[in-house]
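Okay, so here's the structure we're looking at.
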Amino acid sequence: KWYDTAEPEDGPTITRMREVAAQHGMVLIVPWYEEAQTGVYYNSAVVIEKDGSVAGKYRKSHIPHVGPCFWEKFYFKPGNLGYPVFDTSVGRIGLIICYDRHFPEIARALGLKGAELVFNPSATVESLSKYLWELEQPAHAVANGFWIGAVNRVGVEAPLSTAKFYGSSYFCNPRGQIVAQASDTEDEVLVADLDLGMIREVRNTWQFLRDRRPETYGELTEMLP
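Heads up: the sequence shown runs through residues 1032 to 1256, numbered per the numbering used here.
Encoded structure:
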């Protein structure tokens, strides 16, 4: 039955969200279950410009297969679009989807491409990774000098009524400080002013990009035996 919820990019969900973006003059990040073709499905998200046009798409690259409820290799194919950064009217946006956030290599790739705002739409539960929620992503923000918008849902969902989604969505600045955070139990719209000028200030102070030694990192891309 889950396959029945998948839609192509021109399906009703993205079409409606494009209308909403144009109606309100807002840039939107919209995750959805993408049907690329019959039998090929991705966990994807689009960036929609304030005029309703699609700025670009990202497909989740790292697919978990772990309890209590994340057996995702059954219904998602690993993404094949790389780690793009999208130029928008509100800044340069990068995307990380859920489990991707555990891999600092993605954050680095987005930082090197000039991302200013990185959004991470997620659906994650208390028993698995709550203590990491406010640890990993602020570290990504500091290491790469960008803003993070970390998004998680609340509540429970049948048939996994024992798995509680803990919400706690937040914005984190390039210094790694959480500047606004939503509830861990209630649906909420979180609003914050993000000063993109802080990116230059932080990067000029912490010269992590200048001091990188990529010529010494070859082992990072070697395949495990």
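Every residue, glycine too, gets a C-beta built ideally from N, C-alpha and C.
Taking a C-beta distance under 8 Å as the contact criterion, Y1201 and Q1212 qualify as a contact pair. Under the criterion of beta carbons closer than 8 Å, L1141 and G1122 do not qualify as touching, at roughly 12 Å. Shown here for Y1197: same chain residues with a beta carbon closer than 6 Å to its own, the five before and five after excluded, namely E1157, K1161, D1215 in chain order. Using a Cβ distance threshold of 8 Å, V1185 and E1217 count as a contacting pair. In the three-state DSSP reduction, G1145 falls in the coil class, being neither helix nor strand. Boundaries of the beta strand (DSSP E) harbouring V1077: 1071–1079, taken from the DSSP string.
For I1045, the enclosing alpha helix (DSSP H) stretches over residues 1043–1055. Within the same chain, F1101, E1103, Y1130 come within 7 Å of P1095 by CB-CB distance, once the 5 residues on both sides are set aside. A distance below 7 Å between beta-carbons, with the five flanking residues on each side excluded, links A1037 to the following residues of its chain, in chain order: Y1064, E1065, E1066, Y1072. S1160: member of the alpha helix (DSSP H) spanning 1157–1164, first to last residue. Of the other Cβ atoms in all chains shown, fewer than 16 fall within 10 Å of the Cβ of H1055; this residue is therefore exposed.
Going by DSSP, V1220 is part of no alpha helix (DSSP H) at all; its letter is neither H nor E. Residue range 1185–1188 is occupied by the beta strand (DSSP E) that includes E1188. Take the alpha-carbon of E1136 and the one of V1097: they are about 21 Å apart.
Scanning its chain for C-beta atoms nearer than 8 Å, with the 5 sequence neighbours on each side dropped, one finds around F1239 the residues A1174, N1175, G1176, in chain order. Spanning the alpha carbons of A1052 and D1082 requires a straight line of approximately 7 Å. For R1234, the closest C-alpha among the options W1178, T1247, S1192 is that of W1178. Note on E1188: under 16 other CB atoms within 10 angstroms of its CB, so exposed under the neighbour-count rule. E1250 is classed as exposed because its beta carbon has fewer than 16 other beta carbons within 10 Å across all chains shown. In this structure, K1091 is the residue among I1128, P1099, K1091 with its C-alpha nearest to the C-alpha of N1111.
Here Q1168 is near R1132, since their CB atoms are less than 8 Å apart. In summary, P1245 is exposed, with fewer than 16 beta-carbon neighbours lying within 10 Å of its beta-carbon over all protein chains present. In the DSSP annotation of this structure, the continuous segment of the beta strand (DSSP E) that includes T1119 starts and ends at 1116–1119.
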